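In our numbering, the protein residues as written are 122 to 416.
Quick look at the structure:
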């Protein structure tokens with residue numbers, strides 16, 4: 122009887138089933154308004170913790186390798202879920218949220234010990250979530266981070282120095298997306314390991330995480346060189362370079378790059394990418410062609 126009980130508690134984790142549960146929420150996160158994006162993160166974290174009370178980083182990497190879910194997004198979902206025990210409290214906080222970026226910047230001051238800020242400052246931070254001018258809000262939050270957490274970058278000169286690389290990256294991404302959406306790109310542009318590495322770097326740059334394990338060369342990325350070289354150059358340049366690159370390219374486009382690169386590892390994941398992104402990508406391409414024609 123005891124052995125039977127032990128067997129039942131030692132049931133192996135079904136990662137495939139976990140991915141099936143997370144997939145629709147990941148799609149909702151991509152397509153929703155800011156407040157729903159945040160709640161989708163909470164829901165993803167809730168599912169993960171219900172299945173694995175103490176999920177490890179290798180588990181998140183494993184999920185990324187087997188799906189189009191990224192480790193960075195899953196990690197962020199866990200941060201959000203652990204920050205709010207009750208979903209309704211988070212829903213109340215983000216009601217009327219104007220900018221997902223503003224929430225991301227404000228997050229350290231909204232959860233847990235709020236990085237030690239007082240109630241007055243907390244009230245100001247919370248009020249920025251509904252600010253009609255998110256650019257001003259984000260700038261304030263970045264300055265607050267610099268004072269309270271020590272996160273600051275000398276961005277002015279960095280942006281000027283890296284603008285050409287960021288522009289090249291954006292152009293290469295648009296071209297690759299368009300070709301993939303039209304069915305002119307097949308899996309195998311690079312090794313699976315190279316695609317995973319580039320995807321992880323793009324997501325890390327987008328979410329302001331530390332960029333580690335940089336490829337030493339782009340030898341296995343010949344057909345992705347126009348996309349890979351600017352990204353790797355920015356990552357090797359340190360925090361100021363990464364911040365400048367992100368400012369020009371924008372976090373949303375970097376996340377889209379990570380999504381596409383991860384999806385290029387296999388036919389099924391690329392088909393799923395086309396299902397989700399084809400219409401938007403082709404619309405973007407048509408719009409750009411129209412603007413060029415006007416010029």
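Glycine is no exception: its CB is placed at the ideal position from the N, C-alpha and C atoms. Quick caveat, the model's predicted, so the values are computed rather than measured.
Query: Can you give me the C-alpha to C-alpha distance between residue 344 and residue 231, rounded to a whole angstrom?; Result: 43 Å
Query: So which of 284, 350, 399, 236 has the shortest CA-CA distance to residue 305?; Result: 399
Query: Give me the residue from 177, 133, 181 with the minimum Cα distance to residue 140.; Result: 181
Query: So, helix, strand or coil for residue 308, using DSSP?; Result: coil
Query: On the criterion of 16 or more Cβ atoms from any shown chain inside 10 Å, does residue 312 qualify as buried, or is it exposed?; Result: exposed
Query: Can you check which of these residues, 145, 155, 358, 355, is closest to residue 252 by C-alpha distance?; Result: 155
Query: Please report the straight-line C-alpha distance between residue 289 and residue 240, rounded to a whole angstrom.; Result: 44 Å
Query: Does the distance from the CB of residue 294 to the CB of residue 378 come in under 8 Å?; Result: yes
Query: Consider the C-beta atom of residue 209 and the heavy atoms of the ligand FMN; say whether any pair is separated by less than 7 Å.; Result: The ligand content of the structure shown is nil, which means the ligand FMN is not present either.
Query: On the three-state DSSP scale, how would you describe residue 197?; Result: helix
Query: Does the distance from the C-beta atom of residue 177 to that of residue 223 stay below 8 Å?; Result: no
Query: So which of 353, 407, 330 has the shortest CA-CA distance to residue 296?; Result: 407
Query: Just to confirm, is the Cβ distance from residue 193 to residue 364 under 8 Å?; Result: no
Query: Exposed or buried, what is residue 171 when buried is set at 16 or more other beta-carbons lying within 10 Å of its beta-carbon?; Result: exposed
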